[in-house]
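Working notes, beginning with the structure itself.
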Amino acid sequence: MSNLELSHVYKVYPNGVKAVNDFTMKIEDKEFIVFVGPSGCGKSTTLRMIAGLEEITSGEIKIDDMIVNDAEPKERDIAMVFQNYALYPHMSVYKNMAFGLKLRHMPKAEIDERVRNIAEILGLSEYLDRKPKAMSGGQRQRVALGRAIVREPKVFLLDEPLSNLDAKLRAQMRSQISKLHNRLQTTFIYVTHDQVEAMTMGTRIVVMKEGFVQQIDTPKNLYRYPINKFVAGFIGTPQMNFLNVKLKKTEGKKVEMIFEKLDLSFLAPLDLFSRVDEKYLNGDVTVCFGIRSEHISSDPNKYPYKAMCKIGHIEDLGVDAQIYADLNLNDDDLVGESPTRIIFRAPTGYSHQSGDEVEVSFDLEHMHLFDSENEESISKLLPAFVKTKGMVKDGKVSIYGHSFALPPAMKEISDGEYALTIPTDAITAGGEIEAKISSVSVATDKNVLTLKIGDEYAFVSAPLSEKHKEGDTIKIALDFKRIAFDSSSSSFSPLQEETSLIVKVNKKSLMKEHVNMNGRVTKIKEYYCEFETSAGKIIPVDASTGLKLVNLMSNKAFKEEIEIRFSPYAARICDIDQGGIEAKLISILNYGKEKFAKCENDEAKEIIVSLDKDYDVGQNVYIALDTKQIHAYNTKNQIRLL
Ligand code: ADP
């Protein structure tokens, strides 16, 4: 059993290249994880940090719940296979495979048993006496795999192991490696720039770009719910078609889709846009529409959304044909790429030819929509928030047809109609609002329920263990402190979720006496840290967080400022002798079950603190931080430290 966890791992090379940013992922035992992305996106660096061949700049790597940041590669029980598998040319296959075990002084009989066993699995039994040069590329690559497997590592790392092989051999080795994974039941991490390799081998895939993780998901979800335009374009061949479109909500629960530069528009049901924020549906904003070639049919009657296009060229692939066409019928450049070019699939025997104008139809159930500026999906499986209306009257608010008493902290909201923004994670199961499940989608680690409340949509995530089905009703609750109220004349903000402070980290040490086994007393230097606010106030830091900072920060960095962020739950009001931030209690925010204090420190910075008893407004207080729960960022190079 072994699992692997990377928390906020960064790599900045000495030349300043930030190769990996904030890589966070938990890999369970026996998973087959693929890191995929264009060359230079940080895949190998991440793999090498896991192997211990590259030091990490910040963050934490754990194997079997043990932090291995400083462990030597050989202590990590990890085996790595590279693209350039250097076999020893003068040694036989047997000796190549046995070499590592011999170095570890394993008894001969055990080495023999392991080598023969793995050779059998890899189909190398009859080649054990051969020298590498008398073998094919694929066989040599299997020897390289065998050499790593005989060590029985906890985690198996493969860095583009197939990229030197020809296409046919690659396909063969791909399925062999997948089979091997099934047999060995060990965690595999596999690096490739080839999305087909990723999609066919991975149980989960990490898509990376320019040092940043874009999405971590199953192949199916990456294909179905790409989180941004980059992932959408990277996964799937041929590349997804992208077109510019404006969306306009019309009367009668429809959305008019007006394609730019084209005489083309569709009138689609509003239901297809249930996840899309209203601000994209006013007809003014250009959004990016994406559709895969397999979701455009050469049969104009297959779907109700029809378009004429002019065929450029046809690639007949035998099983079907890939048609390059342009929706702009006036475009005479049939070879180049225009913003209105599409690729679609047609069955073999497709009779049209280059230059023909034909009608196709679009399967809008499978369309994708992206923000044109930041290229994020605007139709994510689990949207960040939903919007609805709320009617406030006499201290009550009516939402989704239910009337709720406003908690005391929200009493100042004046009567009237408000647009409410509710974060999706502020909607939880088990409340007063009845909702109908209109669909259940399986995400990697949860189910996403699409809910219908009257004719409005909401979304909630539910554990995979809970069985929900379409058509069932569930009850949901809203976390009022997280809802934003806006109207033309006034607005009310949700409770501030985080306070951010700029502090310096002071590194301190003290000599501690240790008694060794012989009873002799020695003195050892122990380090700890303190935060110092801009006003010179000291905030104590717990020992384990302090030690982490000492390990992460260079001596020079201790004199620089860092940003700390904490939630109201990491802050509490304490006695003066416990140290802490001096502040004045400005107001009490009573949300019924929970109470918070809004405080202001001597730099007029607002700090929200959760309360477990009553305090007086206007009182001077000291705020203690649970530094185990805070986040810290190096402001200079945007690296997360805690
Ligand atoms: P990938 O495996 O995805 O192709 P790498 O992890 O090899 O990408 O590289 C990520 C980035 O880090 C690239 O910009 C690369 O040039 C840079 N890089 C890799 N190794 C070093 C190094 N030893 N020193 C400086 N920069 C490096």
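First residue of the sequence shown: 389, per the working numbering; consecutive thereafter.
The beta carbon of each residue, even a glycine, is placed where N, CA and C say it ideally should be.
Under DSSP, Asp708 shares a beta bridge with Pro735. Rounded to whole angstroms, the gap between the alpha carbons of Tyr693 and Val774 is 28 Å.
DSSP places Arg530 within a helical segment (H, G or I) once states are collapsed to three. Along the length of the segment 917-942, whole alpha helix (DSSP H) runs at least 4 residues long occupy 931-940, reported in chain order. Distances from the CB of Lys608 to the heavy atoms of the ligand ADP are all 6 Å or more. In the DSSP assignment, the residues bridged to Met454 are Ile451.
Annotated as proximal: Ile593 and Val424, with beta-carbon spacing under 7 Å. The three-state secondary structure of His493, taken from DSSP, is coil. The shortest C-alpha to C-alpha distance from Ser942 to any of Asn894, Ser739, Gly818 is the one to Asn894. Shown here for His740: same chain residues with a beta carbon closer than 7 Å to its own, the five before and five after excluded, namely Ile699, Val746 in chain order.
In this structure, Pro657 is the residue among Asp651, Leu650, Pro657, Asn632 with its C-alpha nearest to the C-alpha of Glu644.
Per DSSP, Lys556 is one residue of the alpha helix (DSSP H) stretching across 555-572. By the C-beta criterion, the segment 522-539 is judged not to be in contact with the segment 447-463, since fewer than 3 inter-stretch pairs fall below 8 Å.
In this structure, the CA atom of Arg870 is about 58 Å from the CA atom of Gly907. Spatial neighbours of Gly526 in its own chain (CB-CB distance under 8 Å, excluding positions within 5 residues in sequence) are listed in chain order as Leu553, Leu557, Gln560, Met561. The Cβ-Cβ distance between Thr728 and Lys781 does not fall below 7 Å. The alpha carbon of Ala985 has as its nearest neighbour, out of His902, Val909, Leu883, the alpha carbon of Leu883.
In the DSSP secondary-structure assignment, Pro657 is bridged to Lys642. Per DSSP, Met798 lies in no beta strand (DSSP E) segment and is marked neither H nor E. For Pro811, the enclosing beta strand (DSSP E) stretches over residues 804-811. Residues of the same chain with a CB within less than 7 Å of the CB of Met589, apart from the 5 flanking positions on each side, are Phe420, Val422, Arg562, Ile565, Ser566, Tyr578 in chain order. Here Gly924 is exposed. Its C-beta has fewer than 16 other C-beta atoms within 10 Å.
With the rule of 3 Cβ pairs closer than 8 Å, the segment 431-449 does not count as touching the segment 482-492. Annotation for Asn391: no beta strand (DSSP E) segment contains it, and DSSP assigns it neither H nor E. Within a 10 Å sphere around the beta-carbon of Glu548 sit 16 or more other beta-carbons, which makes this residue buried.
Under DSSP, Leu757 shares a beta bridge with Phe677. In this structure, the ligand ADP has no non-hydrogen atom nearer than 6 Å to the beta-carbon of Ser446. The alpha-carbon separation between Asp719 and Lys641 amounts to approximately 34 Å. With three or more CB-CB distances shorter than 8 Å, the segment 673-684 counts as touching the segment 745-765. In the structure shown, Phe847 adopts extended strand secondary structure according to DSSP, grouped into three states. Under the 8 Å Cβ criterion, the segment 499-516 does not count as touching the segment 423-440, having fewer than three qualifying pairs.
Burial check for Tyr476: the Cβ neighbour count within 10 Å stays below 16, so the residue is exposed. Thr861 is classed as exposed because its beta carbon has fewer than 16 other beta carbons within 10 Å across all chains shown. Taking a contact to require three or more Cβ pairs closer than 8 Å, the segment 761-780 and the segment 809-818 qualify as touching. Looking at the backbone, the Cα of His902 and that of Glu914 are separated by about 11 Å.
Here the alpha carbon of Asp833 sits roughly 27 Å from the alpha carbon of Ile1027.
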